[in-house]
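Contents: one structure, followed by commentary.
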Amino acid sequence: MRATFLTPGTGSYYCGACMRDNALVVELHRAGHEVHMLPMYLPLSLDEESIPELAETPVFFGGINVYLQQKWSLFRKTPEWLDRWLNIPGLLRGAAKRSHMTSARDHGEMCLAMLRIEESGLRKELDKLLDWLEDHGKPEVLCLSTALQAGLIREVKKRLGIPVICFFQGEDSFLDGLPEPYRRDSWEEMGKRLQDADLLVAPSRYYAGLMEGRLGMPAGSIEVLPNGINLEGMGPARPPSGPPVIGYLARMIRDKGLEVLVDAFIALRRDLGHPDCRLAIAGTCTKGDEALVAELKERLDRAGLGEAVEWRPNLSREEKLSFLQGLTLFSVPAVYPEAFGLYVVEALASGVPIVQPETSSFPEFVEATGGGRLVPAGDAQALARMWSELLADPDEIRALGESGRRGAATHYSVAAMKEGFTGMAERVLATEAARRAKR
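So for the sequence shown, numbering that gives the first Met the number 0 puts the first residue at 0; every next one is plus one.
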């Protein structure tokens with residue numbers, strides 16, 4: 000099978016969709032498939048090795064070029080050497096670090112331009128992508144990392160005549176954060192464009208149902224393929240040799256429940272009789288996230304707990320694995336609809352019991368692995384009480400950790416994801432072959 004994945008990069012921090020695509024591409028490559036992964040907007044930030052070709056692959060729809068071409072028609076006619084210069088990875092990474100300064104209106108304009116790409120000022124960038132796909136061995140199937148790329152489907156099928164598989168990855172939160180009329184128009188346009196896809200795939204039953212409802216699709220329109228991770232190096236949590244440690248590993252933002260986590264920890268230490276317990280917070284922290292982190296550090300200091308909390312931003316893979324293996328319990332009490340949560344799988348695979356909200360995709364992890372407990376979403380007191388209950392029962396923590404580790408290996412490995420994807424892609428290709436035979 001020849002497959003190409005088009006993956007939006009972040010330029011400066013790790014993201015679940017990037018890591019999912021990379022893990023799947025590497026596994027497909029190892030299985031003998033001919034696969035490419037093309038960065039889009041910004042360079043990919045990965046914490047694992049990728050396929051060798053990625054280092055030589057250009058960034059398509061480079062963020063600086065896209066912004067300039069959509070804003071000013073002059074840049075739609077610039078020479079190729081200037082476009083290439085504006086796509087230099089270092090320049091794009093620098094722009095990414097200032098992305099928090101971009102207005103919501105700009106985000107809305109760019110989102111809608113990508114969904115209505117034929118009407119946008121981005122024809123030059125579209126042609127570059129299509130030319131590359133034709134010149135580098137036209138793939139049998141194109142895989143879009145997110146439904147926000149759905150504006151490409153029609154033009155890809157028109158020029159290349161290949162099927163397109165489109166994944167969902169938390170689009171609702173982004174679209175709902177846009178100002179009107181961009182929010183309404185983007186939802187409407189995305190729904191129209193997705194009708195041209197050959198297969199729609201969500202990472203959880205919860206998110207498939209949510210997006211079917213939001214987009215007015217019949218039940219069953221979106222298939223489910225859980226994200227998988229590379230389990231190499233993920234050993235069981237080390238036996239505790241000191242005070243228990245509750246861990247958090249996700250981007251340091253309110254949506255991920257960081258404020259709820261801190262309030263729950265204060266309650267655990269102050270009210271529930273666990274004066275030695277510590278909190279370890281790790282994950283991506285961008286320039287735009289620093290204000291919240293400073294606010295929460297001040298709150299912990301006022302509670303006399305500043306020294307009981309360790310902050311570890313932007314870990315490497317090796318640092319992440321070591322971090323996870325030193326935890327007693329794990330919580331990312333997200334307060335927004337979480338499509339999947341790769342961080343949960345990483346904790347489970349490391350043998351760390353999870354305590355998560357009883358909403359979104361989280362119940363599916365507990366159902367599949369038996370590796371944790373659920374609490375009401377946004378309730379810091381309930382979270383603290385569940386931590387307290389488990390900390391009082393080391394045998395239960397051990398049993399949950401072992402069950403979670405076994406379940407993660409069975410349901411959320413990259414090998415399982417590869418097998419599921421291969422079956423889906425082969426079915427799409429067989430349908431396409433049958434359609435062509437009828438012409």
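Just so it is clear, CB atoms sit at the ideal spot from N, CA and C, and this is done for glycine as well.
Counting of Cβ neighbours within 10 angstroms places Q69 among the buried residues, the total reaching 16 or more. Burial of E363 is indicated by the presence of at least 16 other C-beta atoms within 10 angstroms of its C-beta. For P393, the enclosing alpha helix (DSSP H) starts and ends at P393 to H410.
Non-local C-beta neighbours of D195 in its own chain, meaning closer than 6 angstroms and more than five positions away in sequence, comprise I152 and R153, ordered along the chain. The DSSP-derived three-state label of M233 is coil.
In terms of CA proximity to L199, G219 leads the group P180, R213 and G219. Around the beta carbon of E79, fewer than 16 other beta carbons sit within 10 angstroms, so the residue counts as exposed.
R75 places its beta carbon less than 8 angstroms from that of K123. Under a 10 Å Cβ-count criterion, H273 is classified as buried, with 16 or more other Cβ atoms of the shown protein chains found around its own Cβ. The straight-line gap separating the alpha-carbon atoms of E139 and R1 is approximately 5 angstroms. A distance below 8 angstroms separates the beta carbons of I252 and L291. Annotated as proximal: R311 and F322, with beta-carbon spacing under 8 angstroms. The DSSP assignment places complete beta strand (DSSP E) segments of no fewer than 3 residues inside the segment 229-289 at 244-248 and 277-282, in order along the chain.
As computed with DSSP, R1 is found in a beta bridge with E33.
Boundaries around V308 are those of the beta strand (DSSP E), V308 to P312, since no alpha helix (DSSP H) includes it.
For V163, there is no enclosing alpha helix (DSSP H); the enclosing beta strand (DSSP E) has its first and last residue at V163 to F166.
Annotated as distal: L41 and H106, with beta-carbon spacing of 8 angstroms or more. Shown here, P138 sits in coil according to DSSP, grouped into three states, outside any helix or strand. With fewer than 16 neighbouring CB atoms inside 10 Å of its own CB, P393 falls in the exposed class. In the structure shown, I221 falls within a coil segment according to DSSP collapsed to helix, strand and coil. In its chain, beyond the 5 residues on either side, V259, D262, A263 and A266 have a beta carbon closer than 7 angstroms to the beta carbon of A379. The continuous beta strand (DSSP E) containing A201 extends over residues L198 to A201. Assigned with DSSP and collapsed to three states, T430 falls in helix. The secondary-structure analysis by DSSP pairs V25 with nothing; it has no beta-bridge partner. If you ignore the 5 residues before and after S119, its C-beta comes within less than 6 angstroms of the C-beta of A112, all in its own chain and listed in chain order. Judged by DSSP secondary structure, Q194 falls outside any beta strand (DSSP E); it is assigned neither H nor E.
In the structure shown, T358 adopts coil according to DSSP, grouped into three states. By DSSP's assignment, G340 forms no beta bridge with any residue.
Between I228 and V343, the CB-CB gap reaches or exceeds 8 angstroms. Its Cα nearest to that of C110, the residue R183 stands out among R183, G303, M18 and L129.
Between T145 and A16 a beta carbon distance of about 6 angstroms is seen, short of the 8 angstroms cut, so the two are scored as contacting.
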